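Just below is one structure, and these are the notes that go with it.
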Amino acid sequence: MPRRITEDCIASGTCVEECPVDCIEEGEEIYVIDEDVCIDCGACEPVCPVDAIIEV
């Protein structure tokens, strides 16, 4: 299952740097994950400072 970024996101951008397939991009207020591109590697999850990345 791909990951999703919740509304708790503070848009620090640390997750973007960790994604090996570049599926995380800046949305209007928070970062978003393109679930069609996400390979569910989980690299983004441990670097999120507010635990805003969850498994769908």
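With our numbering, letter number 35 in the sequence shown gets 74, and the count goes up by one each step, no holes. Note that CB positions come from ideal geometry on N, CA and C, so glycine has one too. Please read all numbers here as calculations on a predicted model, not as lab measurements.
Item                                                                                                                                                                : Value
Please list, in chain order, all residues of the same chain as Ile-69 whose beta carbon is under 7 Å from its beta carbon, the five residues on each side excluded. : Ile-44, Glu-46, Cys-48 and Ala-50
Start and end of the beta strand (DSSP E) containing Val-55?                                                                                                        : Val-55 -> not in any beta strand (DSSP E); alpha helix (DSSP H) instead, spanning 53-57.
Just list the residues that DSSP pairs Val-71 with in beta bridges.                                                                                                 : Glu-64
What whole-angstrom Cβ distance do Ile-54 and Cys-87 have, given they're in contact under 8 Å?                                                                      : According to the sequence shown, residue 54 is Cys rather than Ile. With 8 Å as the limit, Cys-54 and Cys-87 qualify as a contact, their Cβ atoms being about 6 Å apart.
Note down the Cα distance separating Ile-78 from Met-40, rounded to an integer number of angstroms.                                                                 : 8 Å
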